[in-house]
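Participant: Residue 87 is where the sequence shown starts when you use our numbering, and the numbers rise one by one after that.
Idealized CB from N, CA, C, for every residue including glycine.
No experiment lies behind these values; they were computed from the predicted model shown.
Below you'll find the structure I mean.
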Amino acid sequence: MKFTKKQKSKLIEALAIIGSLAVIFSVIFSFGYADTATPGTFFLGGLLGAYLGFAALPFFDKKYKPMPWTCAFLAGLGVFLLLSDREMAANWKIVTVGVSFVVGYYAPKWAKYM
87 MKFTKKQKSK
97 LIEALAIIGS
107 LAVIFSVIFS
117 FGYADTATPG
127 TFFLGGLLGA
137 YLGFAALPFF
147 DKKYKPMPWT
157 CAFLAGLGVF
167 LLLSDREMAA
177 NWKIVTVGVS
187 FVVGYYAPKW
197 AKYM
């Protein structure tokens, strides 16, 4: 698959926005939870940054399309990682991850109000 020059510049710009948000949130999570910081904390911050980046990307520039399934996947994965070390009944974990998928799916709609 060959990309045109315009497509390459759009891809680089999108990756820069998403990547910078992921790095910023990773660092914030690492320093914010320094007493309980683990590699998972850094990864969770990166997931949050990527999630917000994909949700808000169409509002940074109108040439990007909303990606609700990507947001849903990132939200579900982030909540799953958050709940993995918590003591909670399995059925509530499933419900919570399901709700996060729904909230993630609609993230491109509510991101404009942030």
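Considering PHE159, what are the terminal residues of the alpha helix (DSSP H) in which it resides?
Facilitator: Where PHE159 is concerned, the enclosing alpha helix (DSSP H) stretches over 154–169.
Participant: Which residues in the same chain have their Cβ closer than 7 Å to the Cβ of LEU130, if we skip the five residues on either side of it in sequence?
Facilitator: Answer for LEU130: PHE115, GLY164, LEU167, LEU168, listed in chain order.
Participant: Provide the residue span of the alpha helix (DSSP H) that contains LYS151, from first to last.
Facilitator: Counting along the chain, LYS151 falls outside any alpha helix (DSSP H), and DSSP gives it neither H nor E.
Participant: Run the CB neighbour count on THR90, radius 10 Å, all protein chains shown included, and call it buried at 16 or more, exposed below.
Facilitator: Exposed: under 16 other Cβ atoms inside 10 Å.
Participant: State the start and end residues of the unbroken alpha helix (DSSP H) segment that holds THR90.
Facilitator: Note, THR90: premise wrong, no alpha helix (DSSP H); not H, not E.
Participant: Give the range of the alpha helix (DSSP H) segment to which ALA175 is assigned.
Facilitator: ALA175 -> no alpha helix (DSSP H), and no H or E assigned at all.
Participant: Please confirm whether TYR137 and ALA100 have their CB atoms less than 8 Å apart.
Facilitator: No; because the gap between Cβ atoms is not below 8 Å, this pair is not in contact.
Participant: CA-CA distance, LEU107 and ALA175?
Facilitator: Approximately 33 Å between the Cα atoms of the pair.
Participant: Round the Cβ separation of LEU160 and GLY190 to the nearest angstrom and send it over; I've been treating them as touching at under 8 Å.
Facilitator: Going by Cβ atoms, the distance from LEU160 to GLY190 rounds to 6 Å, so yes, they are a contact pair.
Participant: If you run the structure through DSSP and keep just helix, strand and coil, what is TYR192?
Facilitator: DSSP places TYR192 in coil when its eight states are reduced to three.
Participant: Can you grab the Cα-Cα spacing for the pair GLY135 / ALA102, in whole Å?
Facilitator: Using only the alpha carbons, I get a separation of about 12 Å.
Participant: With a 10 Å radius around its C-beta and 16 neighbouring C-beta atoms as the bar for buried, classify SER186 as buried or exposed.
Facilitator: The residue is buried, with at least 16 neighbouring Cβ atoms inside 10 Å.
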